[in-house]
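Per this note's numbering, the sequence shown starts with residue 42, numbered consecutively. Glycine included, every Cβ here is placed at the ideal spot set by N, Cα and C. First up is the structure itself, then whatever we jot down about it.
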Amino acid sequence: MNLSASLPLLVLALTIEAAFGYPQRFYAAIGHPVTWIGRLIGMLDRGLNRETASFVTRKATGVLALALLLAVIMTLSALIQRLCLSFGLLGLIPLALIASTLIAQRSLYEHVARVAEGLEQNGLEGGRKAVAMIVGRNPQTLDEAGVARAAIESLAENFSDGIVAPAFWLGIGGLPGIAAYKAINTADSMIGHRTPRHLAFGWASARLDDLVNLPASRLTALLLIVSAALDRSANAAGAWQAVRREAGKHRSPNAGWPEAAMAGALGLRLAGPRVYGETRVEDHWMGDGRAEASASDIRRALLLYRRSCGLLWALAALLVAAALL
């Protein structure tokens, strides 16, 4: 699929997902494409990841597992794309419907908004309950400011991983591009951990995930900076300075870019030391503003996020127009 087809596909998919999301009745009836990918990853993990094997062997089998995963996902998605496009331009509609299931604009907004609602309606316990659905850290270690910061950090990072990166790879490679990205990202989430079981086996997934998220994380930061410039209550200069100063200091090669941009735009400090389960992780603070975030700051972050999603759509539409000239 060339750009003259993949870019209109991207605009359609973003529009469909923003309008409808992934209906809950579909999830209840058939699950979600990401859960299907997750089942395949689980099968490969159980079948190939032998804890009695050497570190080098487990690293090699992890590479093999990732290659098998991508071969299956990309072959199936290429066949689906070919079938849809056999109907000509009309085939872009079902193709966009399928691609839209791999983008998460609407669901991310809803999950983060629930944290603000939880804090506003039920205080700390309500916020902890809602934020536990979107972050891996121990919510019992968080006060109200910590809950709000966790929600905003998740919004920033998942804007990159869940929206901008899938959109980027859809625009570049059509359905196989976005499907391959989601397979890599899901593999990283499931097996790309520094645990005894997955340190070697998940190495390839973690490294490839870092690579495929590199362009989108930078684009996400740019979208947030431009969005801040369009919002009188946000600080675009602060966002730019935070990205330049701190994005590269984050323990993740990619997460620091959207988190620093969001922190600077809102006048907050994000990231910093965190607790995952029983493990304390020392990380650099993003931004030099206040650490005392609140539900109102989550609302401000959501407004910035919505505007950034609109800018992403506008950028895709502009590229379509340019391709038609």
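Task: Bridge-paired residues (DSSP) for Arg315 - done: Val322
Task: CB of Ala312 within 8 Å of CB of Glu323, strictly - done: no
Task: alpha helix (DSSP H) segment containing Gln282, residue limits - done: Ala277 to Glu287
Open item on the list: Quick check on DSSP: helix, strand or coil for Leu111?
Closed with: helix
- [ ] Starting from the C-beta of Ser47, find all residues in its chain whose C-beta is less than 8 Å away, skip the five residues before and the five after it, and write them out in chain order.
- [x] Leu211, Gly212, Ile213, Gly214, Gly215 and Gly218
Task: Simplified DSSP state of Arg331, which is helix, strand or coil - done: strand
Open item on the list: For the structure I just gave you, are there three or more beta carbon pairs, one from the stretch 166 to 174 and one from the stretch 86 to 95, closer than 8 Å?
Closed with: no
TODO: Report the partner residues of Leu81 according to the DSSP bridge assignment.
DONE: Looking at the DSSP assignment, Leu81 forms no beta bridge with any residue, so it has no partner.
Task: Beta-carbon proximity check, Met303 vs Ala197, cutoff 8 Å - done: yes
Task: the stretch 180 to 200 contacting the stretch 227 to 238, beta-carbon criterion three pairs below 8 Å - done: When Cβ pairs closer than 8 Å are counted between the two stretches, the stretch 180 to 200 is seen not to touch the stretch 227 to 238, the count staying below three.
TODO: Note the first and the last residue of the continuous alpha helix (DSSP H) segment covering Lys170.
DONE: Gln146 to Val172
Open item on the list: Let me make sure I understand the geometry here. Which of Val253, Thr142 and Tyr150 has the alpha-carbon closest to that of Arg348?
Closed with: The shortest Cα separation from Arg348 among Val253, Thr142 and Tyr150 belongs to Tyr150.
Open item on the list: Pull the bridge partners of Leu309 from the DSSP assignment, please.
Closed with: Arg331
- [ ] Go ahead and label Pro207 buried or exposed: buried means 16 or more other beta carbons lie within 10 angstroms of its beta carbon, across all protein chains shown.
- [x] buried
Open item on the list: In this structure, how does DSSP classify Pro237 when only helix, strand and coil are distinguished?
Closed with: coil
TODO: Would you decide whether Ala362 is buried or exposed? Buried here means 16 or more other CB atoms lie within 10 Å of its CB.
DONE: exposed
Open item on the list: What does the Cβ neighbour count give for Ala69, buried or exposed, with the cut at 16 atoms within 10 Å?
Closed with: exposed
TODO: Tell me where the alpha helix (DSSP H) around Leu51 begins and ends.
DONE: Leu44 to Phe61
Task: For Leu131 and Ser201, the rounded distance between their alpha carbons - done: Computed Cα separation, rounded: 30 Å.
- [ ] Return helix, strand or coil for Ile266, following the three-state DSSP convention.
- [x] helix
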